[in-house]
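Take 1 as the starting number for the sequence shown in full-length UniProt numbering and just add one per residue.
Where is the CB? At the ideal position from N, CA and C, for every residue including glycine.
Written below as structure tokens is the structure these notes are about.
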Amino acid sequence: MKLANSSKEAKKILHDGNILVDGVVRRDYKFPVGVFDVITMPKIDLSYRVFLDEKQRLSLRKISDPEVKLCKITDKTIVKGGNTQLNLHDGSNIISDEYSYHSSDSVIISLPERKVVKHLTYKPGSLALVIGGAHSGELATIEDIRKTRSVMPNMTSLHSSYDFETIEDYVFVIGKGTPEIETPGGDVVD
1 MKLANSSKEA KKILHDGNIL VDGVVRRDYK FPVGVFDVIT MPKIDLSYRV
51 FLDEKQRLSL RKISDPEVKL CKITDKTIVK GGNTQLNLHD GSNIISDEYS
101 YHSSDSVIIS LPERKVVKHL TYKPGSLALV IGGAHSGELA TIEDIRKTRS
151 VMPNMTSLHS SYDFETIEDY VFVIGKGTPE IETPGGDVVD
């Protein structure tokens, strides 16, 4: 991003509250960012989304809408009151009164309120981004899902310009035919 010439300048920028991660001011220079986190600098009107490239490195892409974030549901839990708690890939949780969410589905949440805006189901025909393995960074359509009742991971068959398979944990649904968020292609910042 080239916003600072030294680590001292970078720490000053953070300390002054000029950097928001997922809509929350972060002052700790050791605060971790991960896949699909939104980094915003309101003073200079810049926003970036974190992606994984084909070599599984974190890369940034300029975005126009820093108000939403895509999250994968890793698990769900029933909490006191009968509500469903969605456990998300970034370690956060959202309480919901709907029961239609499933593990491996994705949700688009508003920032910084963290309310569910849209639900994207993990099913054949959905558009997905592969975030791990040999096909990391590839955009593909889910063709088939094979659930196994053993210690072996569930497998997902995908199709982009060719067919390939990967494990369910590496598949991140991002749309139903077209991506709901801006995808990694284009101007990626080193």
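- Cβ contact annotation for Arg-27 (same chain, cutoff 7 Å, sequence separation greater than five): Leu-14, His-15, Gly-17, in chain order.
- Between the region 167 to 180 and the region 112 to 129, the count of Cβ pairs shorter than 8 Å is three or higher; the stretches touch.
- Taking C-beta atoms as the reference points, Val-21 and Asp-37 count as a pair closer than 8 Å.
- Per DSSP, His-15 is one residue of the alpha helix (DSSP H) stretching across 7 to 15.
- Sixteen is the threshold: since fewer than 16 other Cβ atoms of the shown chains lie within 10 Å of the Cβ of Thr-77, the residue is exposed.
- Between Asp-105 and Ile-145, the CB-CB gap reaches or exceeds 8 Å.
- Shown here, Asp-169 sits in a helix according to DSSP, grouped into three states.
- Taking Val-116 as reference, the option from Cys-71, Arg-61, Ala-4 with the minimal CA-CA separation is Cys-71.
- DSSP, read as helix, strand or coil, puts Asn-154 in coil.
- Proximity of the region 128 to 136 to the region 95 to 104 falls short of the contact definition, fewer than three beta-carbon pairs being nearer than 8 Å.
- For Asn-93, the uninterrupted beta strand (DSSP E) segment begins and ends at 93 to 96.
- Per the DSSP secondary-structure output, Ile-145 pairs in a beta bridge with Thr-156.
- As summarised for the region 99 to 148, the continuous beta strand (DSSP E) elements at least 3 residues long and confined to that stretch are 106 to 110, 116 to 120, 127 to 130, 139 to 146, given in chain order.
- Judged by their CB atoms, Leu-127 and Pro-66 are not nearer to each other than the 8 Å cut-off.
- Taking C-beta atoms as the reference points, Glu-138 and Thr-156 fail to come closer than 8 Å.
- In this structure, DSSP gives Leu-3 a state outside helix and strand, which the three-state scheme calls coil.
- For Gly-81, the closest C-alpha among the options Lys-118, Leu-88, Ile-95 is that of Ile-95.
- The C-alpha of Thr-148 is placed about 34 Å away from the C-alpha of Val-68.
- Taking C-alpha positions only, Ser-7 is separated from Val-107 by approximately 35 Å.
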